Amino acid sequence: MKEELDNILNEARKIIEEINSENSLENFRIRFLGRKGLLKEILDKIVKLEEKERRELGEYFNYVKNEIEKLYEVAKERIITSKKEIKFDIHHPGEKIRKGHIHILNQAIKEIKEIFMKLGFDIERGRELVTEYENFDSLNIPPNHPSRDLWDTLWLKFEDKNNKYLLRTHTSAHQVEVLKNKPLPIRVVIPGKVFRHEATDQRHEIQFHQLEGLAVGEHADLRELKGVLKIFFKEFFGTELEVIFRTSYFPFTEPSVEIDLECVLCKGKGCNVCKNSGYLEIAGAGMIHPFVLKEAGIDTNKYFGYAFGLGIERIIMLRHNINDVRLFNSGDLRFIKQF
Ligand code: DAH
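When you number the sequence shown by numbering that gives the first Met the number 0, it's gap-free, plus one each residue, and the end is 338.
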């Protein structure tokens, strides 16, 4: 009977090697350790033996049973951990991660700031929510003055004792604050989003971006402005373009000019973008009105300066031949991915 026990142990050792699933392990348990298993069969025989033999074989039986139980436990552990292991094939090509990128508008704003920084300008930022004073009164645009109609305004319902609030209609709203707080001489540009309450079409959006420029010092005149803009446009468009001034009107400049840029697309020859004129209106500008300088506490006998405001979408549209300003905010990936 000892031999029988040896055979069972050997068989168990052999079989256990091949076991790799919970199912086959369970079959193993039933076959060897189960209530009707091989060991139970032998045990039934052993209990019927004479006292002496029974004791001897009983001991050996316990040894064999123990061994088989150990085999069972080890295999069980092995199967459980192999189930936990994450199987992956390091050679399998990974899933492509979809990365976004900086929007063309912000790319261009960064580029514009860098060009002006090289030209000696600081960068300032204002708030999108401003007071009536900042957007209008401080710029020589009093209440009920017809020139207010130049800016279709989005007013906030909320107002307090001293102020009415609005979404800035132009970055000029920061002129006085910046002029007040910066030491002279001043060379600064202020990029930012502005808001207009108007119908949208290919050339108009209710929100767009402007770049305000301000320079105050002893030599900040329109000659300098022309030079600065010529260099700026050359850097931005990658080609030298003519800049011309046309007289105009803004309440916060005197004299005021409209700046025209030689058409980027036809180089002044005339095309449908520039309506055959060879030039494009690109910015408003002028010498800062003494009213504004005084608001900022600047001595108008000693100092003067120029200001300009240009539409950022406008120049991006020209550089990349984009024909609809609404594309910038459309979220259309076919548009965004091009840049
Ligand atoms: N703020 C004006 C606008 O939004 C543009 C402008 C004109 C800005 C003349 C200036 C300026 O600084 O001098 O229409």
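Glycine residues also receive a C-beta, built at the ideal position from the N, C-alpha and C atoms. In this text, all values refer to a predicted model and were calculated from it rather than measured experimentally.
I need the boundaries of the beta strand (DSSP E) containing residue i, first residue and last residue.
i, result
"Phe-157", "154–158"
"Arg-186", "185–194"
"Phe-307", "303–310"
"Ala-74", "Careful: Ala-74 lies outside any beta strand (DSSP E), inside the alpha helix (DSSP H) at 50–83."
"Leu-165", "163–166"
"Phe-290", "Element bounds for Phe-290: not the beta strand (DSSP E) but the alpha helix (DSSP H), 289–294."
"Ser-247", "242–247"
"Gly-216", "206–216"
I want to check one thing, is the minimum distance from the CB of residue i to the heavy atoms of the ligand DAH below 7 Å?
i, result
"Glu-123", "no"
"Thr-246", "no"
"Phe-207", "no"
"Ala-306", "yes"
"Thr-252", "yes"
"Ser-137", "no"
"Phe-249", "yes"
"Gly-285", "yes"
"His-169", "yes"
Going by alpha carbons, who is nearest to residue i out of the options?
i, options, result
"Ile-243", "Cys-262, Ile-258, Lys-233", "Ile-258"
"Tyr-164", "Val-175, Glu-131, Gly-216, Lys-86", "Glu-131"
"Lys-179", "Lys-293, Asp-151, Glu-312, Leu-32", "Lys-293"
"Ile-67", "His-91, Gly-36, Glu-127, Asp-43", "Gly-36"
"Ser-81", "Glu-21, Thr-168, Asn-61", "Glu-21"
"Trp-154", "Arg-325, Asp-121, Leu-128", "Leu-128"
"Glu-3", "Gln-174, Arg-28, Lys-39", "Lys-39"
"Gly-310", "His-100, Lys-192, Leu-149", "Lys-192"
"Gly-283", "Asn-300, Phe-194, Phe-207, Phe-251", "Phe-251"
"Phe-338", "Lys-1, Glu-158, Glu-49, His-100", "His-100"
"Tyr-62", "Glu-49, Ile-79, Leu-42", "Leu-42"
"Ala-219", "Phe-120, Gly-304, His-144", "Gly-304"
"Ile-122", "Asn-143, Lys-83, Lys-181", "Lys-181"
"Phe-115", "Leu-8, Val-187, Gln-201", "Val-187"
"Asn-300", "Ile-29, Glu-217, Asn-320, Asn-322", "Glu-217"
"Phe-120", "Thr-199, Gly-33, Ile-185", "Ile-185"
"Asn-161", "Asp-136, Ile-140, Asp-148", "Asp-136"
"Val-227", "Asp-298, Ala-306, Val-177", "Ala-306"
"Leu-221", "Val-256, Asp-159, Tyr-248", "Val-256"
"Ser-329", "His-288, Asn-9, Gln-201", "Gln-201"
"Pro-145", "Ile-7, Arg-97, Tyr-248, Leu-260", "Tyr-248"
"Arg-126", "His-90, Leu-166, Ile-89", "Leu-166"
"Glu-280", "Ile-314, Glu-52, Pro-289", "Ile-314"
What residue range does the alpha helix (DSSP H) around residue i cover?
i, result
"Ser-94", "Correcting the residue identity first, residue 94 is Glu in this sequence and not Ser. It is not in any alpha helix (DSSP H) - Glu-94 carries neither H nor E in the DSSP assignment."
"Asp-259", "No alpha helix (DSSP H) holds Asp-259; the beta strand (DSSP E) holding it covers 252–261."
"Ser-148", "According to the sequence provided, residue 148 is Asp. The question's Ser does not apply to it. Careful: Asp-148 lies outside any alpha helix (DSSP H) and carries neither H nor E."
"Lys-266", "Premise fails: Lys-266 is in no alpha helix (DSSP H) and is neither H nor E."
"Ile-45", "37–45"
"Glu-197", "No alpha helix (DSSP H) contains Glu-197, which DSSP labels as neither H nor E."
"Asp-220", "Careful: Asp-220 lies outside any alpha helix (DSSP H) and carries neither H nor E."
"Leu-138", "Unbroken run through Leu-138: none, as it is neither H nor E."
"Glu-3", "1–17"
"Ser-23", "21–32"
"Phe-334", "332–335"
Enumerate in chain order the residues of its own chain whose CB-to-CB distance from residue i is below 6 Å, with the five nearest sequence positions on each side excluded.
i, result
"Gly-339", "In this structure the chain extends from 0 to 338, so residue 339 is not present and cannot be described."
"Lys-233", "Glu-239"
"Glu-133", "Ala-172"
"Pro-190", "Ile-108, Leu-210"
For residue i, I'd like the list of residues in its chain whose CB is within less than 7 Å of its CB, leaving aside the five on either flank, ordered along the chain.
i, result
"Lys-229", "Val-242"
"Val-272", "Cys-262, Leu-264"
"Phe-236", "Val-263, Arg-318"
"Phe-334", "Leu-326"
"Ala-11", "Phe-31, Ile-67, Leu-70"
"Leu-138", "Ser-171, Gln-174, Pro-250, Phe-251, Val-291"
"Asn-105", "none"
"Phe-27", "Ile-14, Ile-15, Ile-18, Tyr-71"
"Leu-24", "Ile-18, Ala-74, Lys-75, Ile-78"
"Thr-168", "Asn-134, Trp-150, Thr-152, Val-193, Phe-194, Arg-195"
"Pro-254", "Thr-246, Gly-285, Met-286"
Does any heavy atom of the ligand MG sit closer than 7 Å to the C-beta of residue i?
i, result
"Glu-211", "Within the structure as shown, the ligand MG is missing, the only ligands being the ligand DAH."
Apart from the five residues on each side of it in sequence, which residues of its chain come closer than 8 Å, Cβ to Cβ, to residue i?
i, result
"Phe-87", "none"
"Tyr-312", "It should be pointed out that residue 312 corresponds to Glu in this sequence rather than to Tyr. Around Glu-312: Leu-104, Glu-204, Phe-207, His-208, Val-324, Phe-327."
"Phe-157", "Tyr-164"
"Gly-57", "Ile-45"
"Gly-308", "His-169, Thr-170, Ser-171, Gln-209, Leu-210, Glu-211, Gly-212, Ala-282, Gly-283, Ala-284"
"Val-215", "Leu-178, Leu-183, Pro-184, Ile-185, Ile-287, Leu-292, Ile-297, Tyr-302, Phe-303, Gly-304"
"Tyr-59", "Lys-1, Leu-4"
Going by DSSP, which residues form a beta bridge with residue i?
i, result
"Val-129", "Leu-165"
"Ser-171", "Answer is none; Ser-171 lacks a bridge partner."
"Asp-323", "In the DSSP output, where bridge partners are listed per residue, Asp-323 has none listed."
"Asp-121", "Val-187"
"Gly-285", "Ser-255, Ala-306"
"His-203", "Asp-200"
"Glu-280", "Asp-259"
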